[in-house]
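Undergrad: Here it is: the structure, laid out below.
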Amino acid sequence: AQSVSQHNHHVILSEAASLELGCNYSYGGTVNLFWYVQYPGQHLQLLLKYFSGDPLVKGIKGFEAEFIKSKFSFNLRKPSVQWSDTAEYFCAVRGNNNDMRFGAGTRLTVKP
Amino acid sequence: DTAVSQTPKYLVTQMGNDKSIKCEQNLGHDTMYWYKQDSKKFLKIMFSYNNKELIINETVPNRFSPKSPDKAHLNLHINSLELGDSAVYFCASSQAQPSTDTQYFGPGTRLTVL
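Read top to bottom, the protein sequences are chains A and B. The working numbering numbers the first residue of the first sequence as 1 and each following residue consecutively. The working numbering numbers the first residue of the second sequence as 113 and each following residue consecutively.
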């Protein structure tokens, strides 16, 4: 079964700082990769996803992620964060068996 | 026009009780899921139903039983509730085909067992 690791538990940034959240997975087969965001008191929303093609994926709200197959990574990036980006971010991996695995989440706090 | 809805949003109950959480999706998806999010925000898949058939059953206690009357509904029944069952439970749905597999989540049900 696949597993997902998010190494940063809590990240604190000032507004306009650049963001990179790490995500590594372990799975031997073809994977679909996702980043979800959970704003305080709200449900999970899809930020972006990778199925195939260009490994650099653009998502909503200025987020992007790069799939590096050789490193089994799918890091999330944003050049300049805003206070409204404060949320919990979850990386997820789906294998061929339709089994979806989430990482433990990274809490992002953006100071105004 | 909510895509995935859950009821109730909050549920507070005593240990030992039996409770149900309902989930409905109007997206026409074939697959529905239940996740448990613990106090550390870790999301763990519990069940997955595809066309009313159980296709994933993680190692959760048999006190938890999913019931799907039709492919638009996946309810979660919990018997003999324990303190450790306190968590936020998320329902989700997706199409079965891998190429379109994006999961859409409900708003969550916060269960508190006293």
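Where is the CB? At the ideal position from N, CA and C, for every residue including glycine. Bear in mind the structure is a predicted one, so any value in this text is a computation, not a measurement.
(1) So that I know if they touch, is there some Cβ in chain A lying closer than 8 Å to that of P210 of chain B?
(2) Pop quiz: T125 of chain B and L188 of chain B are said to be a contact at Cβ under 8 Å. What is the actual Cβ separation, rounded to whole angstroms?
(3) Quick check: is the beta carbon of T214 of chain B nearer than 8 Å to any beta carbon in chain A?
(4) Roughly how many angstroms lie between the CA atoms of L123 of chain B and T221 of chain B, to the nearest whole one?
(5) Assign S211 of chain B to one of three DSSP states: helix, strand, or coil.
(6) Give the single residue among B:E165, B:F176, B:V172, B:I190 whose Cα lies nearest to the Cα of A184 of chain B.
(7) Kindly list, in the order they appear in chain A, the residues whose Cβ is closer than 8 Å to that of G140 of chain B.
(8) Please tell me whether I133 of chain B has its Cβ less than 8 Å away from any Cβ of chain A.
(9) What would DSSP say about L13 of chain A, mapped onto helix, strand or coil?
(10) Here's a check: name, in chain order, each residue in its chain whose Cβ is nearer than 7 Å to the Cβ of N100 of chain A, leaving out the five neighbours to either side.
(11) May I ask you to report which of helix, strand or coil DSSP gives D150 of chain B?
(12) Let me know if L226 of chain B comes out buried or exposed under the rule of 16 or more other beta-carbons within 10 Å of its beta-carbon.
(13) With 9 Å as the limit, tell me which residues of the region 70-103 of chain A have their beta carbon closer than that to any beta carbon of chain B; keep them in chain order.
(14) Return the chain-ordered list of same chain residues with a C-beta closer than 6 Å to the C-beta of V200 of chain B, the five sequence neighbours on each side being excluded.
(15) Would you be able to state if there are at least three C-beta pairs under 8 Å between the region 4-15 of chain A and the region 54-63 of chain A?
(16) What are the boundary residues of the beta strand (DSSP E) that includes H141 of chain B?
(17) By alpha-carbon positions, which one of A:L108, A:N32, A:E15 ends up nearest to S73 of chain A?
(18) Starting from K78 of chain A, trace the beta strand (DSSP E) in both directions and tell me its first and last residue.
(19) Can you look up D197 of chain B in the DSSP assignment and give me helix, strand or coil?
(20) If we count the other Cβ atoms within 10 Å of its Cβ and call it buried at 16 or more, is E15 of chain A buried or exposed?
(21) P181 of chain B lies in the beta strand (DSSP E); which residues open and close that run?
(22) Taking all protein chains shown into account, do 16 or more other C-beta atoms lie within 10 angstroms of the C-beta of E20 of chain A, making it buried, or fewer, making it exposed?
TA: Taking the structure as given:
(1) Any reading at P210 of chain B must be qualified, since the residue scores a pLDDT of 49, below 50, and its modelled position is unreliable; no value is offered.
(2) About 14 Å separates the two Cβ atoms, so there is no contact after all.
(3) yes
(4) 7 Å
(5) Note that S211 of chain B scores 49 on pLDDT, short of 50, meaning its location in the model is unreliable and no value can be drawn from it.
(6) B:E165
(7) The premise fails here: G140 of chain B is roughly 17 Å from chain A at the closest Cβ pair, so nothing lies under 8 Å.
(8) no
(9) strand
(10) Inspection of the sequence shows that residue 100 of chain A is occupied by Met rather than by Asn. A92, R94.
(11) coil
(12) exposed
(13) E88, F90, A92, R94, N96, N97, N98, D99, M100, R101, F102, G103
(14) Q149, G220, R222
(15) no
(16) First-last for H141 of chain B: undefined, no H or E at that position.
(17) A:N32
(18) 73-78
(19) helix
(20) exposed
(21) 176-182
(22) exposed
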